[in-house]
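One structure below.
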Amino acid sequence: MSKISRPKYSLYGTLLFVILIAFCGILYFGNILVNFEIYLSIILTGLGVYTLVYTFFYKAVVLKNERNYMILWGYVFISLGLALLFDLFTGNFMLNISVAIFVGAILALLSI
54 MSKISRPKYS
64 LYGTLLFVIL
74 IAFCGILYFG
84 NILVNFEIYL
94 SIILTGLGVY
104 TLVYTFFYKA
114 VVLKNERNYM
124 ILWGYVFISL
134 GLALLFDLFT
144 GNFMLNISVA
154 IFVGAILALL
164 SI
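Counting in this note's numbering, the sequence shown runs without a single skipped number right up to 165 at its last residue.
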């Protein structure tokens, strides 16, 4: 019987990062989106969502202390990405980052 290997966070995280960079390259060189904040927002939000999905989906793979650490960084990545995205609409980055980090901290506290 074949042994099922556990997915590795770093391998798939690097692959996702390369895919997101390629997607941002298509948007940039195709002159579809011109704001730099959107590209950074796409990368940070994508990596944050991947971190949270990996942490919650592969509970057996991730240790307890490592799980809390990954949940925290997943929420931080998503918060930064969404704050950069909403900065284009509101024009106040510090307000966006404060609200996003506050909500992320509450969600992280509830998920532990």
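No residue lacks a Cβ here, since even glycine has one placed at the ideal position from N, Cα and C.
When you measure from the CB of residue i to every non-hydrogen atom of the ligand NAD, does any distance come out below 6 angstroms?
i	result
Y103	Ligands displayed in this structure: none; no statement on the ligand NAD is therefore possible.
Mark residue i as exposed unless 16 or more other C-beta atoms lie within 10 angstroms of its C-beta, in which case mark it buried.
i	result
I79	exposed
F155	exposed
Y65	exposed
S94	buried
S132	buried
G101	buried
F110	exposed
F130	buried
A75	exposed
Which one of the options has the shortest CA to CA distance from residue i?
i	options	result
L162	Y92, G83 and G127	G127
Y81	A136, S63 and Y92	Y92
S63	Y107, I74 and S94	Y107
M123	V87, Y103 and N88	Y103
V71	L137, L97 and G83	L97
L138	G83, L69, F89 and F76	F89
Under the three-state reduction of DSSP, which class applies to residue i: helix, strand or coil?
i	result
K61	coil
I85	coil
Alpha helix (DSSP H) runs contained entirely in the stretch 98-148, provided each spans 4 or more residues: Fully enclosed alpha helix (DSSP H) runs of 4 or longer: 117-143.
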